[in-house]
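**Student:** Mapped onto our numbering, the consecutive letters of the sequence shown carry residue numbers 396 to 555.
Think of the CB as a built atom: it goes at the ideal place given N, C-alpha and C, for glycine as much as any other residue.
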Amino acid sequence: MFWLIASTIVAACMATGMIFIRLRASRQPASVKKIILPPFFMSTGALMFIFPEFRVQWSQVIEALLVGVIFSFFLIRTSKLEVRGGDIFLKPSKAFVFILFGLLILRVIFKLIIGQHVSFGETSGMFFLLALGMILTWRLAMLRQYLQLEKNLDAKKDLA
């Protein structure tokens, strides 16, 4: 029970941190680097799978990644890029805060259910994969949108 409470507190802190990062990011122009780097930084967490207690079966890997992809659709829907003054910015969304905390609540519920049948280490590995699948899908969608806007900007500059 201690680990459930501790991991929930850490997740809530991370969600709160994401809200502040997202708000700050909307004040600065977006770039390919700013979109791509977060999943790469997060991928270092995969080193947890070196330790046997965090390893999961391939079926659990696929399951966790698929749930992450499904969850990412909520983030994709609230992440819109817009052109302002010749630069591309992330448009702030009021729904993002609610979606992020809603996903946190779902994560806790899933953890309670799965934690009864799966060890703490395996659960941690599965939720890491879920988060990675969610962030990777979300960022790929943002990258696609960014590149389309950049292409349109370049076309307008060529016409001018």
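1. Does DSSP classify F415 as helix, strand or coil?
2. Please report how far the alpha carbon of D549 lies from the alpha carbon of A401, in whole angstroms.
3. Spatial neighbours of L420 within its chain, please: CB distance less than 6 Å, with the 5 preceding and 5 following residues excluded, ordered by chain position.
4. Using CA coordinates, which residue listed in Q543, V513, A526 and W398 is at the minimum distance from F468?
5. Can you grab the Cα-Cα spacing for the pair G497 / K546, in whole Å?
6. Among S519, V464 and A406, which residue has its Cα nearest to the Cα of I500?
7. Specify the secondary structure class of F522 as computed by DSSP and reduced to three states.
8. G520 to L554, Cα distance in whole Å?
**Tutor:** Inspection of the coordinates gives the following:
1. Here DSSP, grouped into helix, strand and coil, assigns F415 to helix.
2. The alpha-carbon of D549 is positioned some 48 Å away from that of A401.
3. First, the amino acid is wrong: residue 420 is Ala here, not Leu. Excluding sequence neighbours, A420 sits near L485.
4. When only C-alpha atoms are compared, the closest one is A526.
5. Roughly 34 Å separates the two Cα atoms.
6. Taking only the C-alpha atoms, the option nearest I500 is A406.
7. Helix, per DSSP.
8. G520 and L554 have their C-alpha atoms roughly 51 Å apart.
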